[in-house]
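Chains as they are written, first to last, in our numbering: chain A, 12 to 357; chain B, 12 to 357; chain C, 12 to 357; chain D, 12 to 357.
Down below is the structure, laid out as C-alpha cells.
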C-alpha cells in the first residue's frame, strides 16, 4: 500500500507536535508537510528539541507553500478561528480538524462561546463529530472531521452509553475534571509558568468553559432533549493526563450495576476503551502517552446516584491520537494501526 | 506571661512535625516534650532534617517517660486508635487531639468506619469538635478538643453557614476534593511513592472515605436533619494543599448571590477565613504553609445550583495550625498568636 | 522601639514578594511603601493571591510617588540596571539592593557581563558586599549594601573559609549548581513554562552565567589572587531551593577532615549556617522557606580532592532573607529577628 | 521470520515493566514468559495498571515454572545478586542481564562494592559488557550480555571516544549526575516517598555509588591505565531521565573543539547517539521514553578544561531499551527495530 501523505497545520503547538510524534510511529503515513507560519523555515528539532533525532522531517513552512494537491489528509492543529477559513476551502484533501471550529453544529452557539462569528458556517452541517467509537458509520465518507475536545472525549465516552439507554437523568450531571498543563497549550501566560502551577491545584473557567456546549450538544443528541451540565475543570501540576469524576443521578429503576453493565457491553470489543475491574479507580498514569481510555463506575453515598470516572491522555485520545484513529477509519486501515503503543509509566 | 508548656505525642509524623514547626514560631509556647515511641532517643533533626538548625529541641521519648504533671496542653498527633486510650486517661493537662478518635459523637459510627471498637466511648460526649470558627464558646472550658479532619475543615467552612441558613438542600451536596500527598502520612506504601504520584491524578477511597461521616455529622447538626453527602477525594502530585469544589442545589427561593452574602457576613471578621473577590477561584497556592482558608461561590450551569470552592493547607488549617488556634482560644490568648505567617509562594 | 519604615522597590517580582512575606513576620518592621511601576494602583493581593489575607498592605505605586524622606531602609528588588540610577541618587534612606548592580567592584567587569555601562560606577567602591556572615564589620555604617546573588551565597559560604585558610587550590574549583525555577523570575519565557520544566533537568548559561564573576571576585579576595571557577547551573522541576556540589583540590598537606574542621570552627556560632553531621548530604528540603544554609564535606574518589556541598533557599538566604539579615545588622537589631521561622517541610 | 521468544525475569520492577512496554512495540518479539516470583499468579495489569489494555500478556510466574527450552532470549531484570545464579546456569537461551552482576570483570571488585561474594565468577570473563555502540563485534556470538548501568551508559557514551583518543586527562574527570526517581526502583523506602522528593534536590551515595567501579573499569580499558573518577549522583523530583555534566581536563595540545570533533565523528552514523548543535545544552526532556542519547561539549571557564554533557532516559537507553538494542544486534536484526519511537514530550 502507498503511504498516506499527510500535512499538519500548526506543527508548532503541543497538539501538532504530538501528532507528528504519533505519525512517525504509524507505518502507513508519510509526513508530507508541516505548517507553522510563524516558525516557517525552521526545523522541528529547532523548536521541539525532543525531535533531535528526527532532523529529516520536512521543514516548517507557511500554509500557502503547501501543495495540497499532493496531500491525502490535512490535520488542522491551529487555534480555533485561525485555520477554519483555510480548511473550509480545501476541496481535494480530506480534513481532520483538531481545533474547536467544526465541533458545534450551531454557528450561533459558536459565536456565543468563542466571541467571533463562525468563519465557515456552511460546512458545519456536514462536518462529522469525530468521537471515533460513536462516529464510525459517518467517517468512511467524511470530507471534514471535527475531533472532539479533550474534556468532551472523556466525558462522552463515560456518559453516552448511559444517556442513550436513559439510565441517568439529564438534569443532574456534574462533571469535575482535572487536567495537566499541556492542555493549556504552549502560550506564554503567567498561569502556565512552572512556579504558578507546581505545588498548586486550582479550578479555572468556572461555569464558562468552552467545552461545555460541546458536551451538551452531544449529550442532548443522545438523550433526545436539551441538557445543561455542570462542568468544572481544574489545572494540576502535571504535564499530561485528564481525569473526570462525574456524579450522575440514576433514572427511576436504574441501579449502579446497570451503569457498569451498559459500559461493559458497549465497550467490550473496543480496542481503546476499557472498563476497569470493579473497585479500581481510573488514574491518568494508566494511560499516559497512549490512546487508551479507562473507565469505572462507583456507587455514590447519596441514594440513587453514581460516580462515573474516566481517564485519558489529553494529547492522545483527547487530541492527536483520536485524530489518527479517525484517519484510520476514514481510509479503511486497521483502526489501531500506529496507535498500539502501551502507556509510558513511570 | 509564662509560656504554655506543651507535649506533642506523635512527633515523628507529618502532623506532629508541622505542629513543632508552628510551635517554634509561637511566642507563648514552650515545647516541653516530644513523644515518638518508635524513635525514642533520637533527635528531631535526625528524623526530620529540616530541623537541622533546631538541635536544642527535646529528644524524642516514649509517652510513658513524659511528666504530664508539668505539661499544660497535650497535642495528640498519633494515628487513630493509637493514642485514644492514653489521652482519655489524662486528667490534668488539657488535650487537643488531631487524630480521628474523638471527632464522631457515636461510638457505633466510629466502629463502623474505623473497624475497631472505640477505645474511650465515655469521653465522646464532652469532647469538643474543634472547628475553631464554630467552636469558640465551647473551647474555653474544654478538657478534650477533637480537631477536625483536613477534608471536613474545608468542607464545613464552605458549607456550615449555608446549611445553618437553610440556603442549600441537604440531599444534594457533592464534594470533589483534591489533596497533596502529605495528607496520606509518611507511611511506606506503594501509592505514596514519588513515581506513582508524579504526573498522575487519581481518586481514592471512592464512596468510603472516613471523613464522610464526620462531614455528615456536622452538616446534620447544622441542617437539623440527617445528611448523606457525596465525597470523592483525589490524590495529586503536590506536597501540601487541599481544594474542594462543592456542587450544591439551592433551597427554594435562594439565589447564588445569597450564598456569597451568607459567607461574606459570616466570615467578615474572621482572621483566617477569606471570601475572595467575585470571580476569583481559590487555589492551594494562595494558602500554602499558612492557617488561612480561601473561599468563593460561583453560579453553576445547571439552574438552581451553585459551586462553592474552598482551599486550605491540609497540614496547617487542616491540622496543626487549627490545633494551635484552638489552644489560643482555650487559653484566652489572641487567637492568631503564632499563626500570622503569610503563605509561602512560590 | 519605633518600627523601621521600609520601602520595597520591585514588589511585583518573586524576590520582592518574598521580602514582603518575610517583612510581615518581622516585629520591628513597618512596610511603608511598595513600588511596582507597571502595576501601580493595584493591591499586592491582586497580583499575588497568596496575600489574600493581607489586603491592608500599602497599594503598589510608582517609585516617584514614594516619600523617601519618611523611609528608613529601601530594598531594591528590581531587575539589574532598572533601579541602579534611582538607588544611587537616594541619600537619606539607606539602601539594600538585591539586584546585581552593586555587587561587582569593577565597572568594566559589569559592562562585560551585563552588556551595558554601569549606571552609577562612583558608588561601587563604597557599596558593601552583603554576605552577612563575612560583612558584619562593614554593615554598621553602610549606606548601600549589595546583597549577593543566590548562587554566590551558597558557593561563598561553602568556600570562603577554605580559601581564606588556603586549604584548597584556587585553580581547581568546579561548582555544579541546581536551582528551582523561582530563581528565573516571573518573566514569560518559554523555558519557564510548566510543561518545559516538569519531568526535565537541564543545564543553562553553560560557561557564561553572570554569577561567575561575582563568585570569582570574592574568592580572589579571599585567596589573594585571581581565580577562574567552573560554574554550571541546572534548572530543576521545583519551585525553590538551590544546591551546589563543589569539587575542590586540596592544597598540599591539607586533608578532607581539615576542611570539615575549618567550616565547623567558622560557623560554630552562626545562627543560619550549619555543618551537618558527617556523612549527611545537604538537601534543599532541609531549608525550604527559611534563612538557613546547610553544608557538608565529603571525600572525593580522586586523591587529594574533596566535595563541598551546600543548600539554601534561593529566595530567602539567597535573596530576601539575607537582605533582612543585613538590615538587622545595619540597625543593631538582633540578627535573627524576624527570620527565626523553621523550614517548611513537607 | 519467526518471532523471537523472550522471557523477562523480574517483570514486577520498573526495568522489567519498561522492557515489556518496549517489547510489545517490537514487531519481532513474542513475550513467552514473565517471571516475578513474589507476584506469581497475578496479571501484569494487576500490579502495573498502565497495562490495563494488555490483559492478554502471560501471567506472572516463578522462575522455576518457565520452560527455558522454548525461550530464545532471557532478560534478567532482577536486583543484583538475586538472579545471577539462575542466569549463570542457563545454557540454551542466550542471556541479557540488566542487573549489575556481570558488569564488573573482577569478582573481588564486585565483592568489595556489593558486599557479597560473586555468585558465578566463572562467567565474568566471557560476559560481554553491552554498551551497544562499543560492543557490536562481541555481541554476535555472546551467550551472556551485561547491560551497563544507567549512569555508566551516559558517562561512557560521553567519555569513551575522548579517552580512546587520549584527548582528556584520566586523572581529572568529575561527573555530576542527576536522575529521576525511577532509577531507585519501586522499593518502599522513605527516601522514595513523593513528599521527600518533591520540591527537593539532594546528592546521595556521595563518594561511594556502585556505578563508580563500572565507569572506571571501562574508562581504564579505553585509557589503557587505571582511572579514578569523581562521581556524584543527585536525586531529582522527576520520574525519568538522567543528565550528566562532566568536567574534564584537556590533554596537552587538545582543544575544546577537538572534543566536539571526536564525538561528531564517532557518532555520525549512530541512530541513537546525537551530538547537539553547538551551544545547545542537552536536557532530559529531549529523550524521555526513547532510546536516544543527546550530547554536547562546552568550554569550561578554567583554562584547559571542558564540560561534556549527556542526557538519556534511564529506563530506556539506560536500561531496557539498550537491552533490546543488544538483542537486535545479537540476532542480526536491524538495530533500531522496535526502538524507533520518538521521545514523549510534553
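Just so it is clear, CB atoms sit at the ideal spot from N, CA and C, and this is done for glycine as well.
Check	Outcome
Going along the chain, which unbroken runs of the alpha helix (DSSP H) with 4 or more residues stay wholly within the stretch 245 to 306 of chain D?	267 to 278
For residue 121/D, which residues from the same chain have a beta carbon less than 7 Å from its beta carbon, with the 5 sequence-adjacent residues on both sides left out?	115, 129
From the beta carbon of residue 253/D, is the nearest beta carbon of chain B less than 8 Å away?	no
Mind pulling the beta strand (DSSP E) runs of 3 or more residues that sit fully within the stretch 198 to 249 of chain C?	241 to 246
Buried or exposed, going by whether 16 or more other CB atoms sit within 10 Å of the CB of residue 199/C?	exposed
Could you say which of 118/A, 69/A, 125/A, 258/A lies nearest to residue 187/B if we only look at CA atoms?	258/A
Tell me whether the beta-carbon of residue 151/A lies closer than 8 Å to the beta-carbon of residue 338/A.	no
Note down the Cα distance separating residue 197/A from residue 213/A, rounded to an integer number of angstroms.	19 Å
So for residue 72/D, helix, strand or coil by DSSP?	strand
Pick out the complete alpha helix (DSSP H) segments inside the stretch 29 to 85 of chain A, 4 residues or longer, and give them in chain order.	55 to 58
Does residue 302/A have its Cβ less than 8 Å from a Cβ in chain B?	no
Report the three-state DSSP secondary structure of residue 123/D (helix, strand or coil).	helix
Quick one: residues in its chain with C-beta nearer than 6 Å to the C-beta of residue 255/D, no 5 flanking neighbours on either side, listed in chain order?	165, 166, 186, 188, 321
Please decide whether residue 307/A counts as near chain D, where near means a Cβ-Cβ distance under 8 Å.	no
For chain A, find out if any of its Cβ atoms is closer than 8 Å to the Cβ of residue 197/C; answer yes or no.	yes
I'd like to confirm the pairing. Which residues does DSSP put opposite residue 140/A in its beta bridges?	157/A
In three-state terms, what does DSSP make of residue 187/C?	strand
Which whole-angstrom value is the C-beta distance of residue 36/C and residue 349/C, which I expect to be below 8 Å?	5 Å
Counting only the same chain and skipping the five closest in sequence on each side, list residues whose C-beta sits under 8 Å from that of residue 343/B.	151
Do the stretch 106 to 115 of chain C and the stretch 126 to 145 of chain C make contact, defined as three or more Cβ pairs closer than 8 Å?	yes
Closer than 7 Å: is that where the CB of residue 41/A sits relative to any heavy atom of the ligand COA?	Judged by which ligands are present, the structure shown has none, so any question about the ligand COA falls away.
I need the DSSP call for residue 7/A, collapsed to helix, strand or coil.	Since the first residue shown for chain A is 12 and the last is 357, residue 7/A is missing from the structure and cannot be characterised.
Spatial neighbours of residue 65/A within its chain, please: CB distance less than 8 Å, with the 5 preceding and 5 following residues excluded, ordered by chain position.	35, 55, 56
Residues of chain A with CB under 7 Å from residue 25/D, in chain order?	357
Excluding sequence positions up to five away, which residues of its chain have a Cβ less than 8 Å from the Cβ of residue 346/A?	143, 282, 336, 339, 340
With DSSP collapsed to three states, give me the class of residue 346/A.	coil
Please identify the residue among 30/D, 50/D, 49/D, 47/D whose C-alpha is closest to the C-alpha of residue 41/D.	30/D
I need the DSSP call for residue 374/D, collapsed to helix, strand or coil.	Missing from the structure shown is residue 374/D; chain D here goes from 12 to 357 and no further.
Return the residue from the list 154/A, 192/A, 354/A, 307/A that minimises the CA-CA distance to residue 332/A.	354/A
So does the stretch 208 to 226 of chain B actually touch the stretch 230 to 239 of chain A, counting three or more Cβ pairs closer than 8 Å?	no
At a CB-CB cut-off below 8 Å, which residues of chain D make contact with residue 201/B?	197, 199
Under a CB-based cut-off of 8 Å, is residue 297/C close to chain B?	yes
From the DSSP output, in three-state form, read off residue 105/C for me.	strand
Run through the DSSP bridge pairs and tell me what residue 20/D is partnered with.	46/D, 87/D
Run through chain D and tell me which residues come within less than 8 Å of residue 218/C, C-beta to C-beta.	309, 310, 311, 312, 318
Could you tell me the distance, in whole angstroms, from the CA atom of residue 272/D to the CA atom of residue 79/D?	46 Å
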